[in-house]
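A short write-up of the structure that comes next.
Numbering (UniProt numbering), first residue to last: 1 to 179.
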């Protein structure tokens with residue numbers, strides 16, 4: 001997944017390629033033939049339709065957003081924006097709509113959220129990993145776990161998560177037995 005995101009970062013330096021991927025938003029993921037040269041080389045042989053849609057959706061979102069921060073989920077970035085905007089109810093409603101979206105509605109909800117995340121970077125490779133599961137046409141336990149993780153990332157502040165890990169790191173080390 002990381003190699004694909006690095007590829008997207010490289011091709012999006014070309015304004016024409018980036019514009020092509022952004023324009024693919026007018027189509028269902030994977031249906032704009034002009035985007036094929038940028039995505040097809042990274043698809044596994046005999047990739048199911050759901051996986052193809054995940055890769056094309058990720059490419060389009062990267063072209064729209066263009067900011068990658070490894071280890072920071074889209075939900076964490078959107079939660080940070082929500083807190084910066086004084087927990088505006090309209091932002092939370094968009095996030096809940098994303099969590100409730102099925103495979104067909106996911107693209108539209110993600111586009112809306114990514115357009116709002118202008119200054120909040122997130123991990124596009126992690127998003128692609130999640131999309132490969134979420135784009136499947138049926139609900140699975142994995143999809144439910146992804147949605148629960150996204151909700152946790154959205155509602156927990158990044159400073160709270162950092163404080164918890166710092167507290168764990170500053171605890172006294174375990175005693176070493178003497179010989």
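Glycine included, every Cβ here is placed at the ideal spot set by N, Cα and C.
Comparing alpha-carbon positions, which option in the options lies nearest residue i?
i: residue 85; options: 4, 149, 120, 60; result: 120
i: residue 26; options: 107, 134, 158, 123; result: 107
i: residue 16; options: 37, 129, 30; result: 37
i: residue 117; options: 90, 137, 58, 82; result: 82
i: residue 131; options: 139, 53, 77, 93; result: 53
i: residue 28; options: 144, 139, 111; result: 111
i: residue 154; options: 91, 115, 109, 102; result: 91
i: residue 68; options: 39, 124, 142, 45; result: 124
i: residue 144; options: 109, 158, 102; result: 102
i: residue 35; options: 44, 12, 45; result: 12
i: residue 158; options: 76, 30, 71; result: 76
i: residue 55; options: 71, 32, 72, 70; result: 32
i: residue 156; options: 87, 14, 30; result: 87
Quick one: grab the DSSP three-state call for residue i.
i: residue 7; result: helix
Could you spell out where the alpha helix (DSSP H) holding residue i opens and where it closes?
i: residue 155; result: 141 to 155
i: residue 50; result: 49 to 65
i: residue 126; result: 124 to 134
i: residue 114; result: 103 to 116
i: residue 85; result: It is not in any alpha helix (DSSP H) - residue 85 carries neither H nor E in the DSSP assignment.
i: residue 16; result: 15 to 23
i: residue 39; result: 36 to 39
Under 8 Å by Cβ, that's how I've got residue i and residue j pegged, so tell me the actual separation to the nearest angstrom.
i: residue 78; j: residue 42; result: In fact, because the Cβ distance is near 26 Å, the residues do not count as touching under 8 Å.
i: residue 74; j: residue 128; result: Not a contact, Cβ separation roughly 11 Å.
i: residue 63; j: residue 22; result: 5 Å
Q: Could you say if the region 95 to 109 and the region 142 to 156 meet the contact criterion of at least three C-beta pairs nearer than 8 Å?
A: At 8 Å Cβ cutoff, the stretches touch.
Q) If we count Cβ pairs, one from each stretch, closer than 8 Å, do we get three or more for the region 2 to 19 versus the region 57 to 75? A) Contact between the region 2 to 19 and the region 57 to 75 is present, with at least three C-beta pairs closer than 8 Å.
**Q.** the region 41 to 52 / the region 121 to 141 touching (three or more Cβ pairs under 8 Å)
**A.** Segments in contact, yes.
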